[in-house]
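**Q**
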Amino acid sequence: MDLNNFKGVNDNSGHFVGDEALIRVAGVLKNLFSNRGKVGRFRGDEFLCGIANVSKKTVIELAEKIVDEIDNLDIYCNSS
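The working numbering numbers the first residue of the sequence shown as 49 and each following residue consecutively.
#1: Where does the unbroken beta strand (DSSP E) through residue 89 begin, and where does it stop?
#2: Find the nearest neighbour of residue 119 within the set 58, 64 and 72, judged by alpha-carbon distance.
#3: Of all the options 113, 62, 53 and 105, which has the alpha carbon lying nearest to the alpha carbon of residue 81?
#4: Under 8 Å by Cβ, that's how I've got residue 86 and residue 75 pegged, so tell me the actual separation to the nearest angstrom.
#5: Looking only at its own chain, which residues have a Cβ that is under 8 Å from the Cβ of residue 100, when we skip the five neighbours before and after it?
#6: Rounded to the nearest angstrom, how far is the Cβ of residue 93 from that of residue 51, given a contact under 8 Å?
Have a look at this one:
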């Protein structure tokens with residue numbers, strides 16, 4: 049899984065905000081995969097997600113849930 053346009057977060061908001069965003073995304077993935085698969089950061093803004101012995105429908109539903117939860121993340125930072 050690749051986070052589209054993530055470089056812009058670091059370029060526009062700084063690496064502190066980028067790091068916080070990665071931590072929050074990792075938390076979403078960890079929560080969604082905790083009982084059914086494995087997830088890990090591959091490099092930069094890329095994560096690998098693995099799940100076995102499930103239907104195509106289940107995979108699609110999980111992918112949609114990932115997108116929804118990441119889309120709804122709010123990242124706040126204190127600029128001081």
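Every residue, glycine too, gets a C-beta built ideally from N, C-alpha and C. Remember, predicted model here, so these are calculated numbers, not experimental data.
**A** Considering the structure as presented:
#1: Here residue 89 corresponds to residue number 41 of the sequence shown, with the count starting at 1. Per DSSP, residue 89 belongs to the beta strand (DSSP E) from 85 to 91.
#2: Your numbering for residue 119 matches position 71 in the sequence shown. Residue 119 has its Cα closest to that of 72, out of 58, 64 and 72.
#3: As a working note, residue 81 is residue 33 in the sequence shown. Out of 113, 62, 53 and 105, 113 has the C-alpha closest to the C-alpha of residue 81.
#4: Against the sequence shown, residue 86 aligns to sequence position 38. Against the sequence shown, residue 75 aligns to sequence position 27. That pair is no contact at about 15 Å.
#5: Residue numbering aside, residue 100 sits at position 52 when the sequence shown is read from its first letter. Result list for residue 100: 85, in chain order.
#6: Position 45 of the sequence shown, counting from 1, holds the residue named residue 93. Position 3 of the sequence shown, counting from 1, holds the residue named residue 51. Their Cβ separation, rounded to whole angstroms, is 4 Å, which keeps residue 93 and residue 51 in contact under 8 Å.
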